[in-house]
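Numbering (the numbering used here), first residue to last: 338 to 682.
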């Protein structure tokens, strides 16, 4: 049975264009692309095989553009792992090019460097086979943050828990930045959950880079992209965006997901009415989300459209730790006349 909404008002306008009718919480998050049927068939054929004599592929945990993630069980110990299969062939059977293979190797290298942090998924070993490369990772049966927000409803309305786990993500991303690694795809689907929701682990370094500046525009999931990443710089500007401030922007969207169970907009572009309203009025987010004044001020600094002026992770961490409350409880909203957030015109 669907649980009641945590706050007593309709979903805010995620992308308030004509024809947007979906109001459910799941509709506010980006979902991964479906796997081509031919690749899914290949993935199913691998079920039951044993890797290196003791890791048996028992179940498909997920699929994506990269390939498949399997549940791998150690036949000797019974320990469970996630085996991420990086395909060496495309869906039509042709070998991947040298650039794609190099990209996979870079993903493995960067993840391996970052995995020393306690809030980054541990990378145990790499198994190279003719058809694919298996990356053996910790298995998290509680799933990703997306599931824990939308299905389990663990975080919305629980400000203390949100603070506890979001700081973990901040620390993981700051650690990566200290190593010169920029994730570029921060979103709930790429954050795993353990310890009954008390611990978060950063995952999926498929779009990570060691370049502090990038000209790969449109990299990641649209809702989580910074405005400078969404639009190529006009003629005369430097043809790149800075990856550090871009990650900070994405973290801000994740924080709203955690605390409110919603996205503030679909894309950070003027054509998106909600985002346009935000750029015009500092207090706009409070009209569609149950934010305290203090939290609204923090988000205004996170979502500064100028990446040079955007808040840094250390300063954001300090502000988060000092914030008494992120959201206004439903009872307080209901007690205030005409206080319910409304859809902007």
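Yeah, the Cβ is synthetic: ideal placement off N, Cα and C, and Gly gets one too.
Kindly indicate the opening and closing residues of the beta strand (DSSP E) around residue 405. Counting from 1 along the chain shown, the entry for residue 405 is found at position 68. First-last of the beta strand (DSSP E) with residue 405: 404-411.
Would the stretch 515-535 and the stretch 472-487 be scored as touching if the rule is three or more Cβ pairs under 8 Å? yes
Is the beta carbon of residue 510 closer than 8 Å to that of residue 584? The sequence position of residue 584 within the chain shown is 247, counting from 1. The sequence position of residue 510 within the chain shown is 173, counting from 1. A contact, by the Cβ cut-off of 8 Å.
Is residue 468 helix, strand or coil by DSSP? Stepping through the chain shown from its first residue, residue 468 is reached at position 131. Residue 468 falls in the coil class under three-state DSSP.
Contact set for residue 451: own chain, Cβ-Cβ below 6 Å, skip 5 residues either direction: Within the chain shown, numbered from 1, the residue matching residue 451 stands at position 114. Taken in chain order, the residues that qualify are 457, 513 and 518.
Across which residues does DSSP place residue 481 in a beta bridge pair? The sequence position of residue 481 within the chain shown is 144, counting from 1. According to DSSP, which records beta bridges pairwise, residue 481 is partnered with 529.
State the beta-bridge partners of residue 419 as determined by DSSP. In the chain shown, counting from the first residue as 1, residue 419 sits at position 82. Answer is 408 and 474, bridged to residue 419.
Under the three-state reduction of DSSP, which class applies to residue 648: helix, strand or coil? Numbered from 1 along the chain shown, position 311 holds the residue referred to as residue 648. Residue 648: coil per DSSP, three-state reduction.
Just the Cα atoms here: how many angstroms apart are residue 474 and residue 421? To locate residue 474, count along the chain shown from 1; it is residue 137. To locate residue 421, count along the chain shown from 1; it is residue 84. Whole-angstrom Cα-Cα distance: 7 Å.
Inside the stretch 587-623 only - alpha helix (DSSP H) runs reaching at least 4 residues: 610-617
One or two residues paired with residue 457 in a DSSP bridge: Mapped onto the chain shown, residue 457 falls at position 120. Beta-bridge pairing links residue 457 to 539.
Straight-line Cα distance separating residue 470 from residue 426: Along the chain shown, read from residue 1 onward, the residue named residue 426 stands at position 89. Along the chain shown, read from residue 1 onward, the residue named residue 470 stands at position 133. Distance between the alpha carbons of residue 426 and residue 470: 11 Å.
Where does residue 550 sit, in a helix, a strand or coil, going by DSSP? By 1-based counting over the chain shown, the position of residue 550 is 213. If DSSP states are grouped into helix, strand and coil, residue 550 belongs with the strands.
If residue 507 sits next to residue 654, beta carbons under 8 Å apart, how far is it from one beta carbon to the other, in whole angstroms? Stepping through the chain shown from its first residue, residue 507 is reached at position 170. Stepping through the chain shown from its first residue, residue 654 is reached at position 317. Indeed they touch by this definition, with Cβ atoms about 5 Å apart.
Let me make sure I understand the geometry here. Which of 662, 541, 538 and 466 has the alpha-carbon closest to that of residue 388? For the purposes of this step, residue 388 is taken as the residue at position 51 of the chain shown. Of the candidates 662, 541, 538 and 466, the one whose C-alpha sits nearest the C-alpha of residue 388 is 466.
Counting only the same chain and skipping the five closest in sequence on each side, list residues whose C-beta sits under 6 Å from that of residue 587. Indexing the chain shown from 1 puts residue 587 at position 250. Contacts found: 523 and 561.
By DSSP, does residue 666 sit in helix, in strand, or in coil? Start at 1 with the first residue of the chain shown, and residue 666 comes out as number 329. Note: residue 666 maps to coil in three-state DSSP.
Let's test the definition: count the other Cβ atoms within 10 Å of the Cβ of residue 380 and tell me whether it reaches 16, buried, or not, exposed. Mapped onto the chain shown, residue 380 falls at position 43. By the 10 Å Cβ count, residue 380 comes out buried.
Residue 410 versus residue 461 - alpha carbon distance: Indexing the chain shown from 1 puts residue 410 at position 73. Indexing the chain shown from 1 puts residue 461 at position 124. Approximately 14 Å, taken between the alpha carbons.
Taking its Cβ as the centre, do 16 or more other Cβ atoms sit within 10 Å of residue 576, making it buried, or is it exposed? In the chain shown, residue 576 corresponds to position 239, counting from 1. Label assigned to residue 576: exposed.
Span of the beta strand (DSSP E) around residue 394: Working through the chain shown from its first residue, we reach residue 394 at position 57. It spans 392-401 - the beta strand (DSSP E) in which residue 394 sits, taken as one unbroken run.
Measuring straight from C-alpha to C-alpha, what distance separates residue 419 and residue 550? Taking the first residue of the chain shown as position 1, residue 419 is located at position 82. Taking the first residue of the chain shown as position 1, residue 550 is located at position 213. Their Cα atoms are separated by approximately 32 Å.
According to DSSP, is residue 425 part of a helix, a strand, or is it coil? As a working note, residue 425 is residue 88 in the chain shown. Residue 425: coil per DSSP, three-state reduction.
Round the Cβ separation of residue 504 and residue 658 to the nearest angstrom and send it over; I've been treating them as touching at under 8 Å. For the purposes of this step, residue 504 is identified with residue 167 of the chain shown, where counting begins at 1. For the purposes of this step, residue 658 is identified with residue 321 of the chain shown, where counting begins at 1. That pair is a contact at about 7 Å.
Can you tell me whether residue 629 is helix, strand or coil according to DSSP? Position 292 of the chain shown, counted from the start, is the residue given in the question as residue 629. Three-state DSSP puts residue 629 in coil, outside helix and strand.
Name the DSSP beta bridge partners of residue 463, please? For the purposes of this step, residue 463 is taken as the residue at position 126 of the chain shown. DSSP lists 472 as partners of residue 463.
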